[in-house]
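Asker: Protein chains in written order, with this note's numbering: chain A, 1 to 618; chain B, 1001 to 1618. Positions of the beta carbon are idealized from the N, C-alpha and C atoms, including for glycine. Mind looking over this structure? Questions follow.
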C-alpha cells in the first residue's frame, strides 16, 4: 500500500460506487453547510444596515427576515422542480443550457465557477476567524490553519463525497439540533426576556429596506448546491435530493425566523467583537457548556461549508468538460470515483485566494453573492421557459412562481452589482467574461479536433500498405543495445537501415569511419549501414535531415526505431544522455513518421536470439 | 534566428572550431586572470600576518615574496612539464590518473572541482567588493551586481572560450601594462621615496614566517589552470600553452617582487579601508587618472578571474565524464562547441554560493586555497612518479624539482588545513570525500551498464523473428484516430488486436458494449476487437493486465501501438488526456514490449489510404 492509497483509500470498483453515494441526511453535511452556516452572518448583515437608522429600526428585522424566508421557500420550490426536470445535476447550468441557449449557459457556468471557488476561501477563513476570536493565541497562525483545514477538506473529498459527508455529519447535527434547541429554550424560558426592550419602530425609506434585504440575501447562498449535485445521491436520487432540499429550506427558515424574533425579544444589536448570533445565544442560555458546544459546532460548520463547493464544482466541471468547455480530463473519474482534477483545481484556486488575501476574505463576500444570485436568476428564468415548452398540469402557476423568483433574485443581483461595484464587484464583472472566453476557446479547439477525427462516424476502410522503411539510429560504437534494436527492427520489416552519426574524433579511443565500418563488417547483420559525418557538434539535426530526405516506395511509411536504456533508479536517468527522448520529441512534430521505442533494462536477463530460421516472420 | 542564437551566436561547424581556439596572449585572458589578480590580495595576506609582530617585521615581506616567487617558478616549470607530458588537458587530474592510481586521481578531481567552483564565487565577489569600495552608493545591490557579472561571464563562455578571451583581453592588458608601468615609475621617480622609512628588522620565530608564507600562497592559486586547459589552445597547442604559462609566471613574479620592494620603499602597511596595493599605487603616481584607470582594470580583472574556472572546469568535467565519473552529458559539446552542461552547473553552483553568502565570500578564501594546493601537491607527486617511469635525460633533476615542489606545496596544504580548520576548512574536508563517493557511485553505475551493453565488442548475430503481435489501444468511440492506428498497425504485422476499455456508461450518449461491437461490424477492418469492461474507473490498469496476459507465438514479441493526437500549441496539450503518455511510461518499465507512437496532427491533411492491393506489404 503506497502513501497515496494510505491517504486516499484503496481504488473503488464501479459496483462499490453506492458506498460513496449519499442519503438525505448525509446530503445536509455534503451539500447544505454553505446555506446553513450563513445564518451566522446573514441576519447580522441586515441588522448592520438597519442600525444605521437607529435602534428602533431593528424592528424591521422581522419583516425583512420574513421576506427572505419567502424568497428562500420560492428558491427551494424552484430547485425541487429543477431536480425533477434535470436529474443529471448541474443545476442552474443544466437549466439554462436546456432552455436559454449556449451563450447564457456559458454565463451561468462562469457565475457558478466564481461562486464555488469564492465559497471555499470565504467559508474556511470565516470558520478560522470564529476560532481565532475564541482563542486569540492562535491568531498569528490563522493562514496556516486555513490551509490545513483546506487540505483536510480536499483530502476527504478525494477519498469520496460519501466519506466527507459521513465525517462531517456529527458537527452538522450538533449545529442544527443545538441551535434550534437553544432558540426554543430562549422562547420558553421566562427569565430570558430583555431588561430594556427596543424603542418603538419608526418609518424608514423603502430603498433603505431594500438595501438591508439585499445584504441579508447572502444568507441564501448555497441553496442551489443540492440541485447541482443530484448524481451524488443514492437511488432514488431525485427523491432523496428533493428531501434534502426541503430539509435544508425548513431548517434554514426556522433558524432565520427564530433568530429575528429572539433578536427583537432580547433587544440585541450588532457591533463590537461579539457576533449578533453569539449575543442571542448568551442571552438565551448564558455562558455555559451548551453555549460553547454550539459555538464550536458553528465554527466547524462555517469552515466545513467549503465542502459544499467540493460537492458541486467537480461535478459541474465534469459536465462542462463533457460539453467541451473544459479540458476532457475534468470528466475523468479517479480511482475513488471522484472527479479528482476538479477537486485539485478548486483546492489550488482557494489556496491562492487564501494566501493572496492573507486569510482575510471579508472583502470577497459581496463578490461571491453576485455569482450565486446570477445563477439563481438564470435558473429561474430557464425554468419559466421550461414550463412554457412542457406545459404540464398547473404549468402557469409553476411558471409564475419561477418568474417571481427570477424577478426577486434578478433585482437582488443588480442591487449587489450597483452597491458593491467599487468594493470589488467589478472583479467578478471582469472574471466572468474571461471565463466565458476560455470556455469558448476550449470548445473551438475541440470542434477543430472533432472535424479531423470525426468521432462516432464509421471510419474509411483500412487498406494494405507495404511494410515501412525502418531507420535505426545507432551509436558508432556497437553494443548489445545496437543488436537489440536491429533484432526488433528486423521483426517489423525487411527494409531496415542503421544510421550512425560520426563526430570528429577527439581522442585515439574515439571511433573513426573506418573502425565503424570494420566493426559492422565483422558483425555482418543483414542491414545496410549509413554513416553521417556531422559538420556541427549535433547528433539530432543530421539525423532529422537524413530521415526527412529518405526516398521510400509508393505508400511506404517511415518508422524510426529508437533503442532506449531504461535505468533502474531516477538518478540513473541523469546518467544517460537524453538523445533518444529528444529525437522522439522532434519526430513527434513530423507527419507520417512512426516512432518505435525499444526499452532495455539494466536488470534485463540476457535472452539469446532464437536460432535462425525458427518460424521467422514474413 | 531565435533568442538562444541571438545570445549565444549561430551554431559552429567543427571546421570553424579554430575560431574559438585561443593563442598565447588570449590564454592570459582566458586562463590566467585568477593567478594574476591574486597580486591584489596575496602580498596583503602576508603583510597582515607580519604586521602583528610590529612594523619592523614588514622587512620580511621581501624574503617571503622571494620564496613565493621561487615556489611560483617551480610550479610554472612543473606545469610546463605537465603540458608536455599530458597535452590532452586535465592538468593535475591527468597527471595523477596516469601516475598515482584511481583513488588519488579521484581525490585530485574532487579538489579541483572545489577549487574551481569557489574561485568563481570568490573572484566575482572580490571584484564587486572593489567596485563598491570605490562607489559606496551601489553597495545595497552588491549581490545583484555579482549575479549580473556571473551571468555575463557565463554567457560569454557559452558563446565560446575564444569569444570570452577576446572580450576580456583589453582589461587584462591594461591591468598588466598599467600595473608594471606604475611600479617602474615608482622606482624611477625620485620624489616618491617614503618620508618615514620602516624601522629596522628584528628576528621573528620561524613558524611565524611559515604562517605568513602560507597566507601568501593564495597568490599562487590559478597557476594550474593553463595546464588543465591545453586543448583550448590553437595548434601548436603545447607550445602556445607553455608560452602562456611562462608569460604568466614572469608577469606574476615581476608583480610580486615589485610590490614587495615598493611596499618597503614607501613604508606602506596594511589595514584600514584602502588595500595595500592601492596605497602603493597612490604613493607611486598619486590620485591621478593613471591610478583610476589601473584601479578599474584591477577591479575588472578580479571579477573576470572567474573566467579561469570557466576555461578549466567544463574541460575537466568532460574528461571526468569520459572516465565515467560524471554523467556522460558533460562530455557532449553544444552547438558552440563548448561543454555547455559543465558551464551551466558551474554557474549554478557559484550563484548558490553567492546568494547563500549574500555576496560576501571572504570566509571562503582559505577553503579554496586548500583545493588548489591539494591539486599542486598531487600533480607534483605524480610528475615525480612520471619521471621515475620515463627516465628521459636529466630525469633526476626534473624529478628533484617536482619533489621539492610537492614537498613545499604539501606543507602549505597541511598548514592551511591546520590553521584554517575551525574557520571553515572542515567543509572542504567533508565535501571532497562526498564528491569522491559521487564519482565512484556514477562509475559503478556505468560499469554495470557496460556489463550489460558490452560496447565495442562484436554483438551476437541478429536472427529472424516472427512479426510481432500488435496491440492497439483504441477509444470505444471510433474515429479517424482509430483508422490511422490500425492502418499503421497492419503495415507492421498481420497479427493485430484492437483493445477498447469500456467504463460503465454515465449517460445515454456513452457507448455500450453492444454499440461498440455494432460500429466495429459496420466498419469491418481486418482486425480482431477485444472489449474489456473496467471494474475500476481506470483505463491504464486493465490495459496493462491485458497486455501482460497475452499469449504469443514462440519468439514472437508484443508491440503496443499508441495513436497520439499532437496539438498545434502548448495549450492544446492541456486539452488532451495524457492516457497515451501514461501508458507508454508504464510500458517502458516492462521488458520485451515495444512501444510505437503514431502521431497525428491537427493540421494534418487527410491522406486517403491507397487502394487495396497496391504493393501491399509482406
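1) Can the beta-carbon of residue 1321/B be found less than 9 Å from the beta-carbon of residue 1470/B?
2) Below 7 Å on C-beta distance, what does residue 574/A contact in chain B?
3) Taking residue 294/A as the reference, which of 182/A, 383/A, 226/A, 552/A has the closest Cα?
4) Would you please verify whether the beta carbon of residue 1608/B is less than 9 Å from any beta carbon of chain A?
5) Is the Cβ of residue 578/A closer than 9 Å to any Cβ of chain B?
6) Restricting to Cα atoms, I'd like to know which of 127/A, 163/A, 167/A, 282/A is closest to residue 149/A.
7) Taking only the alpha-carbon atoms, compute the straight-line gap between residue 1315/B and residue 1177/B and give it to the nearest angstrom.
8) Of all the residues that make up the segment 1216-1240 of chain B, which are near chain A by a beta-carbon distance shorter than 9 Å?
9) Can you tell me where the alpha helix (DSSP H) with residue 498/A in it begins and where it stops?
10) Express the C-alpha separation of residue 399/A and residue 207/A in angstroms, rounding to a whole number.
11) I believe residue 1117/B touches residue 1349/B by the beta-carbon criterion, under 8 Å. Please report the beta-carbon distance rounded to the nearest angstrom.
12) Would you tell me roughly how many angstroms separate the C-alpha atoms of residue 1557/B and residue 584/A, rounded to the nearest one?
13) Near residue 368/A, what residues of its chain come up, given a Cβ to Cβ distance below 8 Å and the 5 sequence neighbours on each side ignored?
14) Does the beta-carbon of residue 1187/B have 16 or more other beta-carbons within 10 angstroms, so that it is buried, or is it exposed?
15) In the DSSP assignment, what are the bridge partners of residue 1565/B?
16) Mapping the DSSP letters down to three states, classify residue 337/A as helix, strand or coil.
17) Going by the CB atoms, is the gap between residue 328/A and residue 1555/B shorter than 9 Å?
18) Can you give me the start and stop residues for the beta strand (DSSP E) that residue 471/A sits inside?
19) Is the Cβ of residue 1620/B closer than 9 Å to any Cβ of chain A?
20) If we ignore side chains and look at the alpha-carbon of each, how far apart do residue 1325/B and residue 1446/B end up?
21) Bridge partners of residue 560/A, per DSSP?
22) Alpha carbon to alpha carbon, how far is residue 483/A from residue 1459/B?
23) Is DSSP giving residue 344/A helix, strand or coil here?
24) Assuming residue 1108/B and residue 1378/B make a contact with CB atoms under 8 Å, what is their CB distance in whole Å?
25) Report the three-state DSSP secondary structure of residue 1529/B (helix, strand or coil).
26) Nearest to residue 430/A by alpha carbon, out of 110/A, 91/A, 45/A?
27) Determine contact between the segment 431-450 of chain A and the segment 475-482 of chain A, defined as no fewer than three beta-carbon pairs at a distance below 8 Å.
28) Am I right that residue 1226/B and residue 1079/B are in contact with their C-beta atoms under 8 Å? What's the rounded C-beta distance?
29) Going by DSSP in three states, residue 1086/B sits in which element: helix, strand or coil?
30) State whether the segment 1403-1416 of chain B contacts the segment 1246-1264 of chain B, with contact taken as three or more CB pairs (one from each stretch) at a distance under 8 Å.
31) Any idea if residue 457/A is buried or exposed, counting beta-carbon neighbours within 10 angstroms, 16 or more meaning buried?
32) Residue range of the alpha helix (DSSP H) that residue 1217/B falls in?
33) Would you mind working out which of 1021/B, 1232/B, 1373/B sits nearest residue 1112/B, comparing C-alpha positions?
34) What does residue 233/A pair with, by DSSP beta-bridge criteria?
35) Where does residue 93/A fall in DSSP's three states?
36) Any beta carbon from chain A within less than 9 Å of residue 1463/B's own beta carbon?
Answerer: To lay it out plainly:
1) By 1-based counting over the second chain, the position of residue 1321/B is 321. By 1-based counting over the second chain, the position of residue 1470/B is 470. Taking the C-beta atoms as reference points, residue 1470/B is found no nearer than 9 Å to residue 1321/B.
2) Position 574 of the first chain, counted from the first residue, corresponds to residue 574/A. Going along chain B in sequence order, the residues near residue 574/A (Cβ under 7 Å) are 1327.
3) As a first step, residue 294/A must be located in the first chain, where it is residue number 294. For the residues 182/A, 383/A, 226/A, 552/A, the minimum Cα distance to residue 294/A belongs to 182/A.
4) Working through the second chain from its first residue, we reach residue 1608/B at position 608. Confidence at residue 1608/B is low in this model, with a pLDDT of 45, below 50, so its placement is unreliable and the value that follows should be read with caution. For residue 1608/B, the answer is yes, since a Cβ of chain A falls inside 9 Å of its Cβ.
5) By 1-based counting over the first chain, the position of residue 578/A is 578. With its beta carbon less than 9 Å from one in chain B, residue 578/A belongs to the interface.
6) Sequence index remark: in the first chain, residue 149/A carries index 149 (1-based). It is 127/A whose Cα lies nearest to the Cα of residue 149/A.
7) For the purposes of this step, residue 1315/B is taken as the residue at position 315 of the second chain. For the purposes of this step, residue 1177/B is taken as the residue at position 177 of the second chain. The straight-line gap from Cα to Cα measures roughly 30 Å.
8) Per Cβ criterion, the list reads 1231.
9) Within the first chain, residue 498/A is the residue found at index 498, counting from 1. First-last for residue 498/A: 496-502, but that is the beta strand (DSSP E), not the alpha helix (DSSP H).
10) Here residue 207/A is taken as the residue at index 207 of the first chain, counted from 1. Here residue 399/A is taken as the residue at index 399 of the first chain, counted from 1. Rounded to the nearest angstrom, the two C-alpha atoms are 28 Å apart.
11) As a position in the second chain, residue 1117/B is number 117, starting the count at 1. As a position in the second chain, residue 1349/B is number 349, starting the count at 1. Between residue 1117/B and residue 1349/B, the beta carbon gap of about 5 Å places them in contact (Cβ cut-off 8 Å).
12) Numbered from its first residue, the second chain carries residue 1557/B at position 557. Numbered from its first residue, the first chain carries residue 584/A at position 584. Residue 1557/B and residue 584/A have their C-alpha atoms spaced approximately 22 Å apart.
13) On the first chain, position 368 is the one that residue 368/A refers to. The beta carbon of residue 368/A lies closer than 8 Å to those of 114, 115, 118, 119, 122, 221 in the same chain, with the five residues before and after it left out.
14) Numbered from 1 along the second chain, position 187 holds the residue referred to as residue 1187/B. Counting of Cβ neighbours within 10 angstroms places residue 1187/B among the exposed residues, the total staying below 16.
15) On the second chain, residue 1565/B is found 565 positions in, with the first residue counted as 1. Bridge partners of residue 1565/B: 1600/B.
16) In the first chain, the residue the question calls residue 337/A occupies position 337. Three-state DSSP puts residue 337/A in coil, outside helix and strand.
17) Translated into positions along the second chain, residue 1555/B becomes position 555. Translated into positions along the first chain, residue 328/A becomes position 328. Cβ atoms of residue 1555/B and residue 328/A: not closer than 9 Å.
18) Looking up residue 471/A in the first chain gives position 471. Per DSSP, the continuous beta strand (DSSP E) segment holding residue 471/A begins and ends at 469-474.
19) Only positions 1001 to 1618 of chain B appear in this structure, which leaves residue 1620/B out of reach.
20) As a first step, residue 1325/B is located in the second chain; it is residue number 325 there, counting from the start. As a first step, residue 1446/B is located in the second chain; it is residue number 446 there, counting from the start. Near 9 Å, if we compare the C-alpha coordinates of residue 1446/B and residue 1325/B.
21) Walking along the first chain from the start, residue 560/A turns up at place 560. DSSP lists 471/A, 595/A as partners of residue 560/A.
22) In the first chain, counting from the first residue as 1, residue 483/A sits at position 483. In the second chain, counting from the first residue as 1, residue 1459/B sits at position 459. Cα to Cα, the separation comes out at about 6 Å.
23) As a first step, residue 344/A is located in the first chain; it is residue number 344 there, counting from the start. Residue 344/A sits in a helix when the DSSP states are folded into three classes.
24) Here residue 1108/B corresponds to residue number 108 of the second chain, with the count starting at 1. Here residue 1378/B corresponds to residue number 378 of the second chain, with the count starting at 1. Going by Cβ atoms, the distance from residue 1108/B to residue 1378/B rounds to 5 Å, so yes, they are a contact pair.
25) Counting from 1 along the second chain, the entry for residue 1529/B is found at position 529. Here residue 1529/B carries a strand assignment [DSSP, helix/strand/coil].
26) In the first chain, residue 430/A corresponds to position 430, counting from 1. Here the closest residue by C-alpha is 110/A.
27) With a cut-off of 8 Å, the segment 475-482 of chain A and the segment 431-450 of chain A do not count as touching, because too few Cβ pairs lie within range.
28) Here residue 1226/B refers to the residue found at position 226 when the second chain is read from its first residue. Here residue 1079/B refers to the residue found at position 79 when the second chain is read from its first residue. Confirmed, Cβ separation roughly 7 Å.
29) Within the second chain, numbered from 1, the residue matching residue 1086/B stands at position 86. Coil at residue 1086/B, not helix or strand.
30) These segments do not touch.
31) Your numbering for residue 457/A matches position 457 in the first chain. Around the CB of residue 457/A, fewer than 16 other CB atoms lie within 10 Å, so the residue is classed as exposed.
32) Taking the first residue of the second chain as position 1, residue 1217/B is located at position 217. Element bounds for residue 1217/B: n/a, residue is neither H nor E.
33) Mapped onto the second chain, residue 1112/B falls at position 112. The shortest Cα separation from residue 1112/B among 1021/B, 1232/B, 1373/B belongs to 1373/B.
34) Residue 233/A sits at position 233 when you count from the first residue of the first chain. When beta bridges are read from the DSSP output, residue 233/A appears opposite 22/A.
35) Translated into the one-based positions of the first chain, residue 93/A becomes position 93. Taken through DSSP and simplified to helix, strand or coil, residue 93/A comes out as helix.
36) In the second chain, the residue the question calls residue 1463/B occupies position 463. It does: the Cβ of residue 1463/B has a partner Cβ on chain A nearer than 9 Å.
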